[in-house]
Each structure stands twice: as C-alpha cells, then as structure tokens.
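Shown next, in structure tokens, is the structure this report addresses.
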Amino acid sequence: MEERKVNDEDMKEIEQNAVIIDMEGEVCPYPQIIAREEIKKIDSGKIVIIQTDHVMATKAVPQSVSNDVSEYGIWKSGSGQYKIILWKK
24 MEERKVNDED
34 MKEIEQNAVI
44 IDMEGEVCPY
54 PQIIAREEIK
64 KIDSGKIVII
74 QTDHVMATKA
84 VPQSVSNDVS
94 EYGIWKSGSG
104 QYKIILWKK
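In terms of this note's numbering, the sequence shown has 67 at position 44, counting the first letter as 1, and numbering is strictly consecutive.
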C-alpha cells in the first residue's frame, strides 16, 4: 500500500467520485471499524474518504485496511480537519 500526496485541487476531484463518511468527533477504534465496513461494500478501484478531527486515525485507519486498499492519502485542512482517502484494490 502506497501513500499518495493529495493537494486541494486533487481533493475536489476525488470527492466527486467517493463515498464520504463523516467521523468527526469519533475516536479510535470507531473510524477503523467503519472504514473496514465501507471498503468491503464498494467495488475495486472505488474510493472511500473518512473525514475526521482525530489525528491518531490518520495512521490507524490506513493500517486497518491495508490488505484491501492499493493507495491512501491524507489531506489536512488548516483547522485540524483530516480526510483519509482510501483507494480499494
């Protein structure tokens, strides 16, 4: 599983074709559990985005789905919000 660099322009395009899950206010392990469930529901090549304000999730979520995703990216806003982008294998 490789990490992909994601900038603001990339994020706008990626969001148009992704399943977006708002996990703000939730702490581990809940984001990992939801990420695993959502990745299993989608087809190969599709994208899931986990929105979070929990910095630990930016490491824990990609690790928890590493067997099912080919790439992941982390986008960070200036206000402590993160989007974890997961590309299913």
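We put the beta carbon where it would ideally sit given N, CA and C, even for glycine. As the structure is a prediction and not an experimental result, all values here were calculated from the model.
- Kindly indicate which three-state DSSP category residue 37 falls into: helix, strand or coil? For residue 37, the three-state secondary structure derived from DSSP is helix.
- Where does residue 100 fall in DSSP's three states? Here residue 100 carries a coil assignment [DSSP, helix/strand/coil].
- Task: On the DSSP bridge assignment, give the partners of residue 94 in chain order.
- Result: Residue pairing for residue 94: DSSP places it in a beta bridge opposite 25 and 110.
- Check residue 45 in the structure and name its three-state DSSP category. DSSP places residue 45 in strand when its eight states are reduced to three.
- Item | Run of the beta strand (DSSP E) containing residue 71, from where it starts to where it stops | Note, residue 71: beta strand (DSSP E), 70-75.
- Task: On a CA-only basis, which of 41, 64, 74 and 57 is nearest residue 98? Give me that one, please.
- Result: That would be 74, whose Cα lies nearest to the Cα of residue 98.
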